[in-house]
Structure formats: C-alpha cells, structure tokens
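Numbering (my numbering), first residue to last: 17 to 244. In this text, a Cβ means the ideal position worked out from N, Cα and C, and glycines have one as well.
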C-alpha cells in the first residue's frame, strides 16, 4: 500500500484512480473516529473515483498508533492529525494523475471536523465536504477565510448533533463563503436509503462545480448501479 511519513510515522494511503488517462482533481477522504474500517467511507471513495477524481483515503490514525479515537484522544491528537492530513495533500500533489491546483477534502464525523479545520488554514484546499462534522469553537473563532463548503448532516445524529453544522453555517455566512447545507430528518451517524443517494448526488454536483468548474449530469440509474 502507498504511504508517506508524517509525525515521524509511516501513514498508509489507499488510492482510488479513474480508469482513464489524464489529470484529475485530488480528493483527500478523511475517516471518522472508528478508523479506516468503515465500508460507508470506502464506498464513497470508490464512487468518487468512478466520477473522475483521484481519491486518497488517508489512514491518519497511523501517525498516532490509534485504532479508535476517544474524546480524550481527539483532544490530544487533533493538531497532529491536521498536520498528517496536510502532509497527505503534499503526497497527493505529487501523484502523476493529479492536477495539483485542484484539491478537495471530504471528511466524515471526526473527519469532517478535521477537513473543515484544515480548510480554514490551508490555502491549497479549494473545496471541502463535511458529512456529520463540525468545527471546534476555537477554530471557528480564529477563522477568517474558507473555501466553498458542503455540509451534510443527519438531524437525529446522537454523536455529532446537527447544531454543529448550524454553527459552521453561521461562520460561513459571516465570511461570505459559498456553501450548501442539507440536513436529513431521522438520519443518524450514517445516511441510509434515499438520504444516502441524495448525499452522494449533492457531493458529486458540488465537487464538479468547485473542483472541475463544470456542471454534471447524474443519471439516477447510473448512481444506483455504482453506489452499492
């Protein structure tokens, strides 16, 4: 498996590439507190590659020898993980199929917090997607600029309450940042059924606008066949 060094540790990366020649936007996918084992995140990564992105699924827990992130572990390691993901951007920009000027972040839960937080301080990030994520209050108060952002959140999430997404929305409004927010009634920490398909559709359309500068037509049949 490909890897790079960060925090003096070896960090593994699963790379998903489009099956055609050319250069493409890079998308760094950042998993949540349960680690890089979620089929939901892996499925998202594969489908994004199918639609024309080089996707880097970064095992950032490798840098802190973490298998599961507790609350205390998040407090202790958050800044380290931010640096690991920033190093992941360096790794992605060196990939032969990547257009280094088009870098996106997509994070789930804890990964959403990390993605939004890094996007607030790293000018290389041109678009960010957060699923069930947010931003620490101290990061919100220190943020003066953000790239376009897509926020997707379940209204019944018991782990990361939807109020976290609304707090980010208030920041984005204040900054005048382009953003989209979609909440899903009855959905919890992972989207199911129609909400799952809607989230993928919104993600693809958002990334197409902000990383490819184009509109994308997404046949529902193709999405249903690909997202399994």
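How far does the beta strand (DSSP E) with residue i in it extend, from its first residue to its last?
{"i": "residue 193", "result": "Element bounds for residue 193: n/a, residue is neither H nor E."}
{"i": "residue 93", "result": "Taken as a continuous stretch (DSSP letters only), residue 93 belongs to no beta strand (DSSP E), being part of the alpha helix (DSSP H) at 87-109."}
{"i": "residue 21", "result": "19-22"}
{"i": "residue 123", "result": "114-124"}
{"i": "residue 74", "result": "70-74"}
{"i": "residue 153", "result": "Residue 153 -> not in any beta strand (DSSP E); alpha helix (DSSP H) instead, spanning 153-158."}
{"i": "residue 27", "result": "25-32"}
{"i": "residue 142", "result": "141-147"}
{"i": "residue 40", "result": "40-46"}
{"i": "residue 165", "result": "165-170"}
If we ignore side chains and look at the alpha-carbon of each, how far apart do residue i and residue j end up?
{"i": "residue 60", "j": "residue 48", "result": "13 angstroms"}
{"i": "residue 191", "j": "residue 105", "result": "24 angstroms"}
{"i": "residue 100", "j": "residue 46", "result": "11 angstroms"}
{"i": "residue 18", "j": "residue 30", "result": "7 angstroms"}
{"i": "residue 75", "j": "residue 27", "result": "6 angstroms"}
{"i": "residue 24", "j": "residue 79", "result": "8 angstroms"}
{"i": "residue 182", "j": "residue 200", "result": "13 angstroms"}
{"i": "residue 39", "j": "residue 109", "result": "11 angstroms"}
{"i": "residue 20", "j": "residue 142", "result": "22 angstroms"}
{"i": "residue 133", "j": "residue 152", "result": "8 angstroms"}
{"i": "residue 144", "j": "residue 33", "result": "19 angstroms"}
{"i": "residue 127", "j": "residue 65", "result": "19 angstroms"}
{"i": "residue 52", "j": "residue 185", "result": "27 angstroms"}
{"i": "residue 193", "j": "residue 68", "result": "25 angstroms"}
{"i": "residue 162", "j": "residue 138", "result": "9 angstroms"}
{"i": "residue 93", "j": "residue 50", "result": "15 angstroms"}
{"i": "residue 103", "j": "residue 167", "result": "24 angstroms"}
{"i": "residue 158", "j": "residue 203", "result": "31 angstroms"}
{"i": "residue 83", "j": "residue 77", "result": "7 angstroms"}
So the alpha helix (DSSP H) residue i belongs to, where does it begin and stop?
{"i": "residue 222", "result": "209-227"}
Quick one: measure Cβ to Cβ for residue i and residue j, integer angstroms, because I've assumed they're closer than 8 angstroms.
{"i": "residue 156", "j": "residue 140", "result": "Rounded, the Cβ-Cβ distance is 21 angstroms, inconsistent with contact."}
{"i": "residue 123", "j": "residue 146", "result": "6 angstroms"}
{"i": "residue 72", "j": "residue 44", "result": "5 angstroms"}
{"i": "residue 164", "j": "residue 195", "result": "7 angstroms"}
{"i": "residue 209", "j": "residue 176", "result": "Their Cβ separation, rounded to whole angstroms, is 20 angstroms, which puts residue 209 and residue 176 out of contact at 8 angstroms."}
{"i": "residue 225", "j": "residue 198", "result": "At roughly 15 angstroms, the Cβ-Cβ gap does not stay under 8 angstroms, so residue 225 and residue 198 are not in contact."}
{"i": "residue 63", "j": "residue 216", "result": "6 angstroms"}
{"i": "residue 125", "j": "residue 205", "result": "7 angstroms"}
{"i": "residue 246", "j": "residue 136", "result": "Look at the range of the chain in this structure, 17 to 244, and you will see that residue 246 is not part of it."}
Flag residue i as yes when its Cβ comes closer than 7 angstroms to any non-hydrogen atom of the ligand HEM, and as no otherwise.
{"i": "residue 152", "result": "The model depicted lacks the ligand HEM and carries no ligand whatsoever."}
Inset, instruction - Would you check if the segment 100-115 and the segment 161-176 touch, i.e. whether three or more CB-CB distances between them fall below 8 angstroms? - result: No: fewer than three Cβ pairs fall under 8 angstroms.
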